[in-house]
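Chains as they are written, first to last, in my numbering: chain E, 1 to 495; chain B, 1001 to 1215.
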């Protein structure tokens, strides 16, 4: 009989790093180029404004996580207050958001990995990144898709057979990413005035908005990149493992959000200031890496090219972010299985590996199928579902305050009800802009999103309709379970 | 078995300890407690959602979400309050399973009104006897936080039908007995559906062990 290690306790630093790890993970490397493509130099505003929008929801998460001690993230909070169908839809959407995020990170990993190989001259420059389309019968699988597929497969396997990496590993991962980004920022600013083609210059920010576009043109880019700020949901999926949670969870949420926004501002400023928005846009998912290769020193020993550090950072970040969402998606599915909102098998841990095996496998299927999507569609869909689920989380705060005024709230947000109302309004605005944008440019993503929700609703009614016949048994079973035995004895008192 | 939602009225020493044990086993716990200092202690432990207020008032009880609750346990110090809480809760939610704590041995007196009665002093007395008569100890007095559980293997549970050799339990847990507690466990002991086993668990891993045995 062999034994496994139990889960470790997480401190404030670990919890903060989990949030930052997800937010600084892949979004910054993968989505910066795409944001620049839509909104030009104003991409810098895109990330700042998204930070502001998401802060309102962050306050709601802090209040909910401090008062409801359940791991499972937004789903667990919504489950506490909404009826079965609403909470099922919430979990279903959040689960999808994470699975699609997994595909996005895998797709972001691939071109950066190719760029890495290119830096060392193994492969020719990755030319046609982002040109992959989902054919009905794909004749040849593009290298990018194949790489993304392998990455997902690898991380799913690792997570399926061993328990989640401990908080300290996540902390090291995140610290590494942030350090690499700071190196990038430092060299970017140092290149100012160097006179080179890609030296940092503020002229690249003029005009701030692309020609012929109004300030509102940044809204679709905000929608696309919103996924970069989903990190606090991840913090609240590990609530039960955090020490002194009533203080540390709100703190971890605020600190990770603040640091993340700061890092984004610095990195995007440097990327646009050196490469210029059009150059960044051309590089797509490998935007930051391309910017770095252009201004980092070359001719170094072993690593040869300074840009390789950043490219390595991009690979490392996308892989660790992928790892985080593999865990996060399985936790949402696992929580739904525990609550009997998915087949109870999904809520079981594996007899030998101690992992939520079925939940991970179920998530893997969707992730593997989605790596066939264009990167932008994956980003759009994931953002869409995070936006929608955050609307519900904001709503849950209001509903809880009204229906359970006496619930103990160790952290109460300031200026209630302004934050949740602002959260709902701003998230809905971004949702509608994103939907409108998808109607014009990416109907496939919209169709798939609607299809996923419909699939969920159909599954819900089939799954809950089917056991109606045996519902009576189930009630009996519950009652039997509830007491130590069927006879109603006085426990302990009859000696 | 899916996770249960349990409402505990009374967050004093007994209620708090019960909340901790239930949380360790992976259940969803709500505690209703009025006294601010007890609320503070509960808050620090972060094992349950807390409703601050008097559990005998229906407006407070309702905030615990009784419509999804499996069991309500009234564990305050006063028998009268506990009875009132159970009856009020039953009135609000007729199928609710109720357990009340009593200050004295009541036998089957309350059978019509509550599902189960627990006389906590009897358990306390046993613990005291265990300390006085050290040669023979009953299980209730396990020192420290180690918990000795009797767990039944449920159909469809992850470990159902497997031998101890085939499974990996989390560190901090140990299967002590074979089926139905007749002999000690060996590596070829099979975990059979419907049979009960004695398992020692540390609090950190209790919910994992319960999940393995009960799905």
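We treat Cβ as the ideally placed atom computed from N, Cα and C, and that holds for glycine. All figures in this text were calculated on a predicted structure; none of them were measured in a lab.
Inter-residue CB distance, residue i and residue j (contact presumed, cutoff 8 Å)
| i | j | result |
| --- | --- | --- |
| residue 1099 of chain B | residue 1073 of chain B | 4 Å |
| residue 223 of chain E | residue 433 of chain E | 6 Å |
| residue 429 of chain E | residue 261 of chain E | In fact, because the Cβ distance is near 19 Å, the residues do not count as touching under 8 Å. |
| residue 318 of chain E | residue 31 of chain E | At roughly 11 Å, the Cβ-Cβ gap does not stay under 8 Å, so residue 318 of chain E and residue 31 of chain E are not in contact. |
| residue 44 of chain E | residue 288 of chain E | That pair is no contact at about 14 Å. |
Close-in-space but distant-in-sequence residues of the same chain around residue i (CB under 8 Å, 5 per side omitted)
| i | result |
| --- | --- |
| residue 1156 of chain B | 1215 |
| residue 1036 of chain B | 1052 |
| residue 22 of chain E | 230, 231, 234, 321, 324, 325 and 328 |
Three-state class that DSSP yields for residue i in the structure shown
| i | result |
| --- | --- |
| residue 1101 of chain B | strand |
| residue 953 of chain B | This structure gives no information on residue 953 of chain B, because the portion of chain B shown stretches from 1001 to 1215. |
| residue 1033 of chain B | strand |
| residue 1197 of chain B | strand |
| residue 325 of chain E | helix |
| residue 1163 of chain B | strand |
| residue 1059 of chain B | helix |
| residue 1050 of chain B | strand |
| residue 342 of chain E | coil |
| residue 10 of chain E | strand |
| residue 1008 of chain B | strand |
| residue 249 of chain E | helix |
| residue 1214 of chain B | helix |
| residue 1190 of chain B | strand |
| residue 367 of chain E | helix |
| residue 183 of chain E | helix |
| residue 1150 of chain B | strand |
| residue 1072 of chain B | strand |
| residue 23 of chain E | helix |
Residue i to residue j span [Cα, whole Å]
| i | j | result |
| --- | --- | --- |
| residue 109 of chain E | residue 282 of chain E | 17 Å |
| residue 257 of chain E | residue 386 of chain E | 16 Å |
| residue 339 of chain E | residue 1003 of chain B | 6 Å |
| residue 251 of chain E | residue 219 of chain E | 29 Å |
| residue 244 of chain E | residue 1095 of chain B | 36 Å |
| residue 307 of chain E | residue 117 of chain E | 12 Å |
| residue 1078 of chain B | residue 364 of chain E | 53 Å |
| residue 200 of chain E | residue 356 of chain E | 48 Å |
| residue 1211 of chain B | residue 100 of chain E | 28 Å |
| residue 17 of chain E | residue 170 of chain E | 7 Å |
| residue 489 of chain E | residue 1085 of chain B | Below a pLDDT of 50, predicted positions are generally treated as unreliable, and residue 489 of chain E, at 41, falls in that range; the measurement from the model is reported next regardless. Approximately 20 Å, taken between the alpha carbons. |
| residue 104 of chain E | residue 1126 of chain B | 60 Å |
| residue 132 of chain E | residue 50 of chain E | Note that residue 132 of chain E scores 38 on pLDDT, short of 50, meaning its location in the model is unreliable and no value can be drawn from it. |
| residue 1045 of chain B | residue 413 of chain E | 21 Å |
| residue 1055 of chain B | residue 409 of chain E | 18 Å |
| residue 40 of chain E | residue 191 of chain E | 21 Å |
| residue 1159 of chain B | residue 456 of chain E | 30 Å |
| residue 279 of chain E | residue 464 of chain E | 52 Å |
| residue 415 of chain E | residue 1176 of chain B | 55 Å |
| residue 369 of chain E | residue 208 of chain E | 38 Å |
| residue 348 of chain E | residue 188 of chain E | 49 Å |
| residue 1198 of chain B | residue 1179 of chain B | 9 Å |
| residue 379 of chain E | residue 26 of chain E | 11 Å |
| residue 1173 of chain B | residue 1200 of chain B | 6 Å |
7 Å CB neighbourhood of residue i in its chain, flanking five on each side removed
| i | result |
| --- | --- |
| residue 1029 of chain B | 1006, 1008, 1019, 1022, 1023, 1047 and 1048 |
| residue 328 of chain E | 98, 234 and 237 |
| residue 1206 of chain B | 1024, 1025 and 1147 |
| residue 443 of chain E | none |
Pick from the options that is closest to residue i, judged by C-alpha positions
| i | options | result |
| --- | --- | --- |
| residue 391 of chain E | E:61, E:351 and E:265 | E:61 |
| residue 264 of chain E | E:79, E:254, E:228 and E:280 | E:228 |
| residue 436 of chain E | E:373, E:77 and E:217 | E:217 |
| residue 180 of chain E | E:82, E:312 and E:295 | E:312 |
| residue 97 of chain E | E:444, E:32 and E:367 | E:367 |
| residue 1105 of chain B | B:1121, B:1097 and B:1091 | B:1121 |
| residue 295 of chain E | E:316, E:379 and E:275 | E:275 |
| residue 273 of chain E | E:319, E:186, E:316 and E:89 | E:186 |
| residue 55 of chain E | E:461, E:420 and E:449 | E:420 |
| residue 351 of chain E | B:1169, B:1014 and B:1198 | B:1169 |
| residue 422 of chain E | E:78, E:83 and E:398 | E:398 |
| residue 452 of chain E | E:113, E:78, E:259 and E:95 | E:95 |
| residue 52 of chain E | E:459, E:426 and E:241 | E:426 |
Neighbourhood of residue i by C-beta distance below 6 Å, restricted to the same chain and skipping five residues each side
| i | result |
| --- | --- |
| residue 106 of chain E | 148, 151, 152, 322 and 371 |
| residue 293 of chain E | 307 |
| residue 1119 of chain B | 1102 and 1105 |
| residue 1190 of chain B | 1163 |
Residue i Cβ short of 7 Å to the ligand GTP heavy atom set
| i | result |
| --- | --- |
| residue 76 of chain E | No copy of the ligand GTP appears in this structure; indeed no ligand is present at all. |
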